[in-house]
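Novice: Take this structure first; my questions come after.
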Amino acid sequence: MKLSLNWLFAFIPISIALEHAHVSPPVLFFSAALAIVPIARLIVLSTEQIATRTGDAVGGLLNATFGNAPELIISVVALRAGYLDMVRASLIGAILANLLLALGVAFFLGGVRHHDQHFNPMAARTYSTMMLLAAMSMAVPSAFSRFFAPEGTIRQEQLLNIGIAIVLLLAYGLYLLFSLKTHPGAFASVDTGEEVHHEGKQWSVARAAGSLIGASVLAAWMSEILVAAAEGTGKALGMSQVFIGIVFLAMVGGAAESGSAIVMARKNKMDLSVGIALGSSIQIALFVAPVLVLASYFIAPQPLELSFSRAEVGSLFLGVLLGTIVCGDGQSNWYKGVQLVTVYTIIALMFYFIPATGH
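Under this note's numbering, think of the first position of the sequence shown as 107, with each following residue one higher.
Below, the structure is given as structure tokens:
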């Protein structure tokens with residue numbers, strides 16, 4: 107398995123060469139996407155090594171943080187280029203890809219191997235509450251924009267977005283304090299009865315940390331190539347900017363944490379798997395989104411507003427609601443995975459067939 111993925115590292119220099127050769131955007135896009143796959147696996151291995159020393163809560167947080175680096179880089183590059191619709195779509199898409207697709211595949215493959223799996227229901231309920239908070243934080247400015255500033259951005263809308271961004275960052279900081287400092291027991295792993303020895307040779311902390319940082323840098327580099335080819339790929343394949351953002355960029359940008367969640371589920375480490383998938387969604391909504399709002403005032407042609415379409419907000423609420431119901435009892439099986447993936451597929455099909463309204 108390792109060898110079958112390691113050879114994909116060859117797509118890193120191939121993508122760089124193709125970029126300089128000015129090939130067609132779809133070829134460059136999918137080459138960069140393939141290059142991210144082995145990088146994502148390296149992030150999986152490095153984070154797993156660190157998690158053996160830090161525990162699942164910190165391990166899941168580390169994986170979500172480094173796994174979200176490509177999403178952040180993709181969004182920053184797209185912001186600088188003025189692709190605000192694509193940035194907003196990629197934020198919603200990243201949340202849905204982690205919450206529905208990654209967790210769904212993890213539940214399915216883990217359930218096929220282990221039948222029934224268990225994780226901490228208290229932690230899952232905390233994650234779900236944070237996701238509902240995130241969905242509301244995106245619905246409020248969207249509704250404000252639709253009713254009070256449908257023709258263009260007004261000063262009150264800008265102030266609302268800045269205020270919400272600051273509040274979300276504060277809420278995320280307090281969430282870290284809660285989960286890592288004051289109530290770490292609420293996120294403790296459920297004993298699965300599995301053997302706890304680590305497979306293979308254990309890495310040193312320096313090697314694991316160095317690999318994690320190096321892989322994140324490579325993922326960011328490939329993500330820059332990816333976003334540069336995204337618009338041309340959409341035009342060549344007849345896809346809207348929103349669909350490219352909500353499906354392609356989100357899936358490729360989230361390959362690292364998605365791969366991690368799936369691998370951990372196959373190893374019956376469901377607390378770590380759920381912590382990675384849901385923790386990454388929370389981090390996108392409560393950290394990445396507000397950071398991009400504030401950064402847009404310095405790097406983008408115009409400020410980024412958290413004004414999403416009805417389809418985007420509705421999909422987010424439905425995804426969060428289903429995720430809350432499915433994860434609330436602290437148990438998973440392969441059919442719960444099928445349910446989550448089915449909803450993701452329906453949402454992706456809807457966005458594919460929504461007519462493009464912008465550029």
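Glycine is no exception: its CB is placed at the ideal position from the N, C-alpha and C atoms.
Report all residues from its chain with a CB closer than 8 Å to the CB of Ile460; omit the five preceding and five following residues, and keep chain order.
Specialist: Result list for Ile460: Ser346, Val348, Phe349 and Ala417, in chain order.
Novice: Return the chain-ordered list of same chain residues with a C-beta closer than 6 Å to the C-beta of Lys442, the five sequence neighbours on each side being excluded.
Specialist: Answer for Lys442: Phe213 and Val432, listed in chain order.
Novice: Tell me the rounded alpha-carbon separation between Val150 and Val353.
Specialist: Going from the Cα of Val150 to the Cα of Val353 covers about 22 Å.
Novice: Quick one: using the 10 Å Cβ neighbour count with 16 as the cut-off for buried, is Lys375 buried or exposed?
Specialist: So Lys375 counts as buried.
Novice: Check this for me: beta carbons of Ala187 and Ala361, under 7 Å apart or not?
Specialist: No, the pair does not count as a contact, with Cβ atoms beyond the cut-off.
Novice: Using a Cβ-Cβ cutoff of less than 8 Å, which residues in the same chain neighbour Gly299 once the five nearest sequence positions on both sides are dropped?
Specialist: With a pLDDT of only 43 at Gly299, under the threshold of 50, the placement of this residue in the model should not be trusted; the figure read from the coordinates follows. None.
Novice: Straight-line CA distance for Phe58 to Met237?
Specialist: This structure does not reach residue 58, given that the chain is present from 107 up to 465, and the question cannot be answered.
Novice: Rounding to the nearest angstrom, what Cα-Cα distance links Gly279 and Ile272 in this structure?
Specialist: If I take the Cα positions, the gap works out to 11 Å.
Novice: On the three-state DSSP scale, how would you describe Ser402?
Specialist: The answer is helix: DSSP assigns Ser402 an H, G or I state.
Novice: Identify every residue that forms a DSSP beta bridge with His221.
Specialist: Answer by DSSP bridge pairing: none, since His221 is not bridged.
Novice: Once you ignore the five residues that flank Leu185 on each side, which residues in its own chain have a CB closer than 8 Å to its CB?
Specialist: Counting only Cβ-Cβ distances below 8 Å, and skipping sequence neighbours, we find Val193, Leu398, Ala401, Ser402, Ile405, Ala406 and Leu410.
Novice: For my contact list, Ile179 and Glu330 are in at a C-beta cut-off of 8 Å; report their separation, rounded to the angstrom.
Specialist: The Cβ separation is near 6 Å, so the contact holds.
Novice: Is the beta carbon of Gly429 closer than 7 Å to that of Leu205?
Specialist: Against a cut-off of 7 Å, the Cβ pair of Gly429 and Leu205 comes out as a contact.
Novice: Quick check on DSSP: helix, strand or coil for Val302?
Specialist: Model confidence at Val302 stands at a pLDDT of 43, short of 50, so the residue's coordinates are unreliable; what they give is reported in the following sentence. In this structure, Val302 counts as coil in the three-state DSSP scheme.
Novice: For Ser438, write down the residues that DSSP places opposite it in a beta bridge.
Specialist: Partner(s): Gln223.
Novice: Among the residues of its own chain, which have a CB less than 7 Å from the CB of Thr232, if the five just before and after it don't count?
Specialist: Excluding sequence neighbours, Thr232 sits near Ala292.
Novice: Can you tell me whether DSSP reads Val129 as helix, strand or coil?
Specialist: Three-state result, Val129: coil.
Novice: Just mark Pro176 as buried or exposed, buried being the case when its beta carbon has 16 or more other beta carbons within 10 Å.
Specialist: So Pro176 counts as buried.
Novice: How should Val302 be labelled, buried or exposed, when 16 other C-beta atoms within 10 angstroms of its C-beta is the threshold for buried?
Specialist: Here the model assigns Val302 a pLDDT of 43, short of 50, so the residue's position is not dependable, and the following value carries that caveat. Counting Cβ neighbours within 10 Å, Val302 comes out exposed, since fewer than 16 surround it.
Novice: Does the Cβ of Leu265 have 16 or more other Cβ atoms within 10 Å, making it buried, or fewer, making it exposed?
Specialist: Exposed, by the Cβ-count rule.
Novice: Using a Cβ distance threshold of 8 Å, determine whether the region 369-384 contacts the region 218-232, with at least three qualifying pairs required.
Specialist: Verdict: yes, contact present.
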